[in-house]
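Written out below as structure tokens is the structure these notes cover.
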């Protein structure tokens, strides 16, 4: 049995969700805003062929990497309502690292630091991650019946803060990466939560004072709360 996204439904005890972060990169250098989307490879175990935003789960190195800037106060305060401040900061770094790994795009400022592990290639580019431009726009926890579960924080960032706007091959997790305006993005084959977040960000584009939504599921029902 599968759910509305075609993902198998577990009949065993629910898995504990892992902390994760996602980044919506938005370009404003044309007649309409465009967002970066990638299509997951067909052979992937989780949501193959679906179009998604770059993102993934937190790693230990996300707590230790040096940065060029810190989170804006409003973003830091909103994140701190979801977890302790050190983990909140690490989640913002997760979004930057995962975007680099999946697209090759660098959200950073010139700077030098030595590192091993997941941040090695990013830091080898001569950049330090730039936290200041990030804005928290949503939180969502994967439904209990999924074979993989994430407690994801969704960030937006203006593409002008990137070192380059040309996505590369990345890690190979995404087999196609492209820019789409809101209407074109909503017409893609999207997971249901991706569609909901995309619609939220499109609405936020003209009303920045909107509350930050928190999507979660309890007893098989979707609940929409506020961060």
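Numbering (the working numbering), first residue to last: 1 to 227.
Ideal Cβ positions, reconstructed from N, Cα and C, are used throughout, including at glycine.
How many angstroms separate the CA atom of residue i from the CA atom of residue j?
i           : j           : result
residue 191 : residue 68  : 33 Å
residue 94  : residue 33  : 24 Å
residue 178 : residue 167 : 8 Å
residue 121 : residue 58  : 17 Å
residue 80  : residue 211 : 15 Å
residue 150 : residue 164 : 29 Å
residue 86  : residue 208 : 26 Å
residue 92  : residue 66  : 13 Å
residue 106 : residue 162 : 6 Å
Look up residue i in the DSSP assignment and give the residues it is bridged to.
i           : result
residue 174 : 40
residue 179 : 36
residue 69  : 130
residue 56  : 21
residue 225 : 214
residue 157 : 25
residue 51  : 39
Does DSSP classify residue i as helix, strand or coil?
i           : result
residue 218 : strand
residue 110 : strand
residue 129 : strand
residue 77  : helix
residue 88  : helix
residue 93  : helix
Of the choices the options, whose alpha-carbon is the least far from that of residue i?
i           : options            : result
residue 186 : 200, 73, 149       : 200
residue 54  : 194, 140, 135, 183 : 194
residue 227 : 29, 152, 175       : 152
residue 159 : 135, 88, 176       : 135
Can a CB atom of chain D be found closer than 9 Å to the CB of residue i?
i          : result
residue 29 : Going by chain labels, chain D is absent from the structure shown, which holds only one protein chain.
Report task. Answer yes if the segment 103–112 comes into contact with the segment 120–133, meaning at least three C-beta pairs across the two stretches below 8 Å, and no otherwise. Result -> Touching, yes, given that three or more Cβ pairs across the two stretches are closer than 8 Å.
Query - Validate contact between the segment 136–150 and the segment 202–221 using beta carbons, cut 8 Å, 3 pairs - result: Enough Cβ pairs lie closer than 8 Å, so yes.
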